[in-house]
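**Q**
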Amino acid sequence: MTVNLLSQFINNHEYDIRKSHNGRWIDQKCALDEVCFVADCITNYLDTNNVTFFQSPDVWHAPYSMESVHYIFVKPDPTRNTTIDEYNKFFRQPMKMLAAAGVLKENGTVNNTIQFSVERKDILDFIAMRERNSFEFLCLYIEKTLNDSGLWDYFASFFDEQTKDNFRLLKDKYTEFCKLYTPINTTVEAGRIFAKVLNPLACKYHKKGTYRGNMSKTNITFDMLMYNKANWRDINSGKEKNIARGDFNPIRNMSNSYDYRVNKAMRYLKKFNDTYNEGKSEITDRYSIGEVATHMHHIFPKNQFKEIAEYLENLIAITSGQHLQKAHPNGNTQKIDKDYQYVCLINKTNSIRNNILENHGEPVIYHFDDFMYVLDTGFKTDYFESLTENDFNSVITGIDFNMPAKQ
């Protein structure tokens, strides 16, 4: 899956809300990191249970989902009665949006709960892989829906001339549209969803969007689109994010999604390598003969380069022997063999090149720009950011140039 293929998928669908009357084509809980997370939970649930149909509670009751949502989003205990409605919204709203987009499918209700199935597993996997993919999906889907529904001109006018009057006109037109064509019948509810429609596009086009119901004072940035940030009302009231409103008491918890992101990247690389490379190592040497690549190795060490630890471009699938005998001398994971790091970089460059340029139908999981960021970060240089896209010959030259002299 690539952004171009994703765009083709989106363009092959009609999302005219005037015809569908679907007020839940997007919703409050459809922030890019939440959509990415829910997609990941769905894929994990399906892979683990080998099922076709699922409901929202099936997914959020799964051990992987419960552990992850509690850790990443600092959500309360999902088994408590006071949290059921919160979890239903958290998982169901992105699912309904994905169904409206054609990634999932609604198959009626069972015991008064919507039953879903997957229409396009490749796109679901693409969204689940990383938050930037989720952002790309949301922008394409939102803009296509606005175009199909006859709303895009109002948004385009606001982006062209960012005044308070144009913002108010846009918000009023969107609210009027919701009340006319969807079951949404209050200005407040339309306004809450309005932010999820406007702000991803504002970020994409480097424009101002909406903040607390008004036009933002600055351009919308990627981090402002995240669900996993403190709710300003809860901050002002003293309520922490991990406490359901029915259970509020003033205790403090912190959220850290770092391990989740890193482990997810390692899991996705292993799954990809098992599926499309027969589980073989990305490096062929005497330690790989007859062995399966079970170790996802950080080329630039995780303990030294946390900012690139979750990047697929910094991970390479190798065997246990390669990992513990070559990459880390004497199995000491706190040390790396510089000679073997060079081998890893050259072979990873070849893997990325083949995935992008010589693709044979497998998903495109790498991004050239992300690889350049990994290399610039790992080598502490700015050489790679200036390279022409997909100029892999210059990448090899840059690795040779920046690599410390081999011992």
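Numbering (numbering that gives the first Met the number 0), first residue to last: 0 to 406. Glycine residues also receive a C-beta, built at the ideal position from the N, C-alpha and C atoms.
1. Comparing C-alpha positions only, which one of ASN49, ILE364 and PHE136 sits nearest to SER6?
2. Quick check on this structure: which residue in HIS366, VAL363, PHE370 and ILE364 has the alpha carbon closest to the alpha carbon of ILE345?
3. Name the two residues that bound the continuous beta strand (DSSP E) containing LEU314.
4. Run through DSSP, which three-state label would TYR204 get?
5. Among all the DSSP beta bridges, which residues are the ones paired with PHE115?
6. For THR217, collect the residues of the same chain with a Cβ closer than 8 Å to its Cβ; drop the 5 residues on either side in sequence, then sort them by chain order.
7. Express the C-alpha separation of VAL261 and VAL50 in angstroms, rounding to a whole number.
8. Please determine if the stretch 293–300 and the stretch 353–364 are in contact, where contact requires at least 3 C-beta pairs separated by less than 8 Å.
9. Helix, strand or coil for SER215, going by three-state DSSP, please let me know.
10. Please name the residue in LYS172, SER64, ASP39 and THR112 whose C-alpha comes closest to that of ILE122.
11. Taking only the alpha-carbon atoms, compute the straight-line gap between GLY320 and VAL291 and give it to the nearest angstrom.
12. Among the residues of its own chain, which have a CB less than 6 Å from the CB of MET96, if the five just before and after it don't count?
13. Touch check for the stretch 107–120 and the stretch 143–161: three-plus C-beta pairs under 8 Å?
14. Suppose you measure from the CA of ASP336 to the CA of ALA264; what does that come to, to the nearest Å?
15. Do ALA194 and THR209 have their beta-carbon atoms positioned less than 7 Å apart in this structure?
16. Hey, is the stretch 376–383 in contact with the stretch 269–289, meaning 3+ C-beta pairs nearer than 8 Å?
17. Please report the straight-line C-alpha distance between LYS325 and VAL342, rounded to a whole angstrom.
18. Could you name the residues that DSSP lists as bridge partners for THR209?
19. Tell me where the alpha helix (DSSP H) around MET295 begins and ends.
20. In whole angstroms, what is the alpha-carbon distance linking CYS94 and THR318?
21. In the structure shown, what three-state DSSP assignment does LYS279 receive?
22. Alpha helix (DSSP H) containing GLY397: first to last residue?
23. Considering only residues of the same chain and omitting the five flanking positions on each side of MET0, which have a CB-CB separation below 8 Å?
24. Of the choices VAL34, ASN3 and GLY212, whose alpha-carbon is the least far from that of TYR226?
25. Tell me whether the beta-carbon of LEU179 lies closer than 7 Å to the beta-carbon of TYR153.
26. Ignore the nearest five residues each way along the sequence and tell me which others in PRO328's own chain have a CB closer than 6 Å to its CB.
**A** In terms of the structure at hand:
1. In the sequence shown, residue 6 corresponds to position 7, counting from 1. The residue with the shortest Cα to Cα distance from SER6 is PHE136.
2. Taking the sequence shown and counting its residues from 1, one reaches residue 345 at position 346. Nearest of HIS366, VAL363, PHE370 and ILE364 to ILE345, Cα basis: PHE370.
3. In the sequence shown, the residue the question calls residue 314 occupies position 315. LEU314: member of the beta strand (DSSP E) spanning 314–317, first to last residue.
4. Within the sequence shown, residue 204 is the residue found at index 205, counting from 1. Looking at TYR204 - three-state DSSP - the assignment turns out to be coil, as it is neither helix nor strand.
5. Taking the sequence shown and counting its residues from 1, the one referred to as residue 115 is at position 116. Per DSSP, PHE53 and GLU105.
6. If you number the sequence shown from 1, residue 217 lands on position 218. If we look at THR217 and ignore the five residues flanking it on each side, its Cβ neighbours are LYS207.
7. Within the sequence shown, residue 50 is the residue found at index 51, counting from 1. Within the sequence shown, residue 261 is the residue found at index 262, counting from 1. Taking the straight line from one Cα to the other gives about 27 Å.
8. no
9. As a first step, residue 215 must be located in the sequence shown, where it is residue number 216. SER215 carries a strand assignment under DSSP once its states are collapsed to helix, strand and coil.
10. As a position in the sequence shown, residue 122 is number 123, starting the count at 1. The option with the nearest alpha carbon to ILE122 is ASP39.
11. If you number the sequence shown from 1, residue 320 lands on position 321. If you number the sequence shown from 1, residue 291 lands on position 292. Cα-Cα distance, rounded: 10 Å.
12. For the purposes of this step, residue 96 is taken as the residue at position 97 of the sequence shown. So the qualifying residues of the chain are ILE25 and CYS29.
13. no
14. The count along the sequence shown starts at 1 and reaches residue 336 at position 337. The count along the sequence shown starts at 1 and reaches residue 264 at position 265. If I take the Cα positions, the gap works out to 23 Å.
15. Here residue 209 corresponds to residue number 210 of the sequence shown, with the count starting at 1. Here residue 194 corresponds to residue number 195 of the sequence shown, with the count starting at 1. In this structure, ALA194 lies closer than 7 Å to THR209 by Cβ.
16. With the cut-off at 8 Å, the stretch 376–383 and the stretch 269–289 do not touch.
17. Within the sequence shown, residue 325 is the residue found at index 326, counting from 1. Within the sequence shown, residue 342 is the residue found at index 343, counting from 1. Each residue's alpha carbon lies about 10 Å from the other.
18. Within the sequence shown, the letter at position 210 stands for residue 209. DSSP output for THR209 lists MET214 as bridge partner(s).
19. Indexing the sequence shown from 1 puts residue 295 at position 296. Segment 294–297 is the beta strand (DSSP E) holding MET295; no alpha helix (DSSP H) there.
20. In the sequence shown, the residue the question calls residue 94 occupies position 95. In the sequence shown, the residue the question calls residue 318 occupies position 319. A small fix is needed here, since residue 94 is Met in this sequence, not Cys. So the alpha carbons of these two residues sit roughly 37 Å apart.
21. To locate residue 279, count along the sequence shown from 1; it is residue 280. Correct three-state label for LYS279: coil.
22. The residue you call residue 397 lines up with position 398 of the sequence shown. Where GLY397 is concerned, the enclosing alpha helix (DSSP H) stretches over 391–401.
23. One-based indexing of the sequence shown puts residue 0 at position 1. Result list for MET0: ASP121, ILE122, ASP124, PHE125, PRO362 and VAL363, in chain order.
24. Here residue 226 is taken as the residue at index 227 of the sequence shown, counted from 1. When each option's Cα is compared against that of TYR226, the closest is VAL34.
25. One-based indexing of the sequence shown puts residue 179 at position 180. One-based indexing of the sequence shown puts residue 153 at position 154. Contact: no.
26. In the sequence shown, counting from the first residue as 1, residue 328 sits at position 329. Once the five neighbours on either side are set aside, the close Cβ partners of PRO328 are LYS334 and ASP336.
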